[in-house]
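Here the sequence shown stands for residues 6 to 187, where the numbers follow the numbering used here. Note that beta-carbon positions come from the ideal geometry of N, C-alpha and C, so glycine has one too. Take a look at the structure below.
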Amino acid sequence: MKKLILIFLLTTGFFGIAQVRWITLSQALEAQKKEPRKILIDFYADWCAPCKEMEKYTFNHPEIAKIINQYYYAVKFESDGNESVTFAGHKFTNPDYKSKKGKNGLHQFSKYMNINIIPTMIFLDENTDPITSLSGALKAKEVEPYFTMIAKNEYKNIKTRKEWESYQKKFRSKIKEKESSN
6 MKKLILIFLL TTGFFGIAQV RWITLSQALE AQKKEPRKIL IDFYADWCAP
56 CKEMEKYTFN HPEIAKIINQ YYYAVKFESD GNESVTFAGH KFTNPDYKSK
106 KGKNGLHQFS KYMNINIIPT MIFLDENTDP ITSLSGALKA KEVEPYFTMI
156 AKNEYKNIKT RKEWESYQKK FRSKIKEKES SN
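Written out as structure tokens, the structure is:
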């Protein structure tokens, strides 16, 4: 079995198949106690076509998956799901959840995090304090500067729009134009 796992890991690395290692919010909070990292929460819904596009082309882009896996605890959270979560001393549920088929009311945790549109990504620092959010269907090349800036704490030095524009001009993407057109 170990040989099979090793072969899988070697071939996926060799062929460039990238996958984000998604965990639950409770797993991320527990892991953060042992090894502090930023948390990326992807608020999605099963019925959301742009969410599926982002999963397929943005999060699974080799460069983006590499950044996420190296610097973040990545959490997928179903914005209208039925999961019970505890965060910041509060327990959140979805009393408006009816069934897995179709749309449900927004989960209390989604409301707490001010999710108004999906997909939305929330970035939390090592103390679970919010850093920023990104909303809408975004391509790998669009999220790369944000993921990198936050991962490397460069966001702490950007206070104005002019500083952000300067950062963007200096940023060198590792994603080729052809790769980001998906």
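Exposure of residue i, with buried meaning 16 or more beta-carbon neighbours within 10 Å
i	result
Lys174	exposed
Ile12	Low confidence applies to Ile12: its pLDDT is 39, below 50, so where it sits in the model is not reliable enough to give any reading.
Gly18	Confidence in Gly18 is poor, its pLDDT being 44 and thus under 50, which makes the residue's placement too unreliable to answer from.
Asp101	exposed
Glu4	Given that the chain is displayed from residue 6 to residue 187, the structure contains no residue 4 and the question cannot be resolved.
Glu149	buried
Phe176	exposed
Ser104	exposed
Leu9	Here the model assigns Leu9 a pLDDT of 40, short of 50, so the residue's position is not dependable, and the following value carries that caveat. Label assigned to Leu9: exposed.
Asn99	buried
Thr153	buried
Thr165	exposed
Ala93	exposed
Ala54	exposed
Whole-Å CB distance - residue i paired with residue j, under 8 Å assumed
i	j	result
Ser138	Ile123	Actually they are not in contact, since the Cβ atoms of Ser138 and Ile123 sit about 11 Å apart, beyond 8 Å.
Lys38	Asp130	The Cβ separation is near 14 Å, so there is no contact.
Phe114	Phe97	4 Å
Phe48	Thr133	About 16 Å separates the two Cβ atoms, so there is no contact after all.
Ile180	Tyr160	Contact doesn't hold; Cβ gap of about 20 Å is too wide.
Val90	Trp27	Going by Cβ atoms, the distance from Val90 to Trp27 rounds to 15 Å, so no, they are not a contact pair.
Tyr77	Leu45	4 Å
Ile120	Ser178	Between Ser178 and Ile120 the Cβ distance is about 28 Å, and since that is not below 8 Å, they are no contact.
Val25	Asn87	With 8 Å as the limit, Val25 and Asn87 do not qualify as a contact, their Cβ atoms being about 23 Å apart.
Ile65	Ala23	Looking at the sequence provided, one finds Asn at residue 65 rather than Ile. Going by Cβ atoms, the distance from Asn65 to Ala23 rounds to 6 Å, so yes, they are a contact pair.
Ile163	Tyr172	6 Å
For residue i, the first and last residue of its enclosing beta strand (DSSP E)
i	result
Ala156	That residue, Ala156, is in no beta strand (DSSP E); its alpha helix (DSSP H) goes 145-156.
Tyr49	43-49
Ser205	Because the chain in this structure spans residues 6 to 187, residue 205 falls outside the shown range and cannot be described.
Thr165	Counting along the chain, Thr165 falls outside any beta strand (DSSP E), and DSSP gives it neither H nor E.
Phe128	125-129
Element boundaries [alpha helix (DSSP H), containing residue i]
i	result
Phe114	113-117
Lys52	Looking at the sequence shown, residue 52 is not Lys but Trp. Premise fails: Trp52 is in no alpha helix (DSSP H) and is neither H nor E.
Ser31	30-39
Can you confirm whether the region 103-112 touches the region 63-77 when touching is taken to mean that 3 or more C-beta pairs between the two stretches lie within less than 8 Å? no
Say whether the region 58-68 touches the region 143-151, bearing in mind that this needs 3 or more beta-carbon pairs closer than 8 Å, one atom from each stretch. yes
Write down every uninterrupted run of the alpha helix (DSSP H) in the region 54-101 whose length is 4 residues or greater and which is fully enclosed by it, in chain order. 54-58, 67-76
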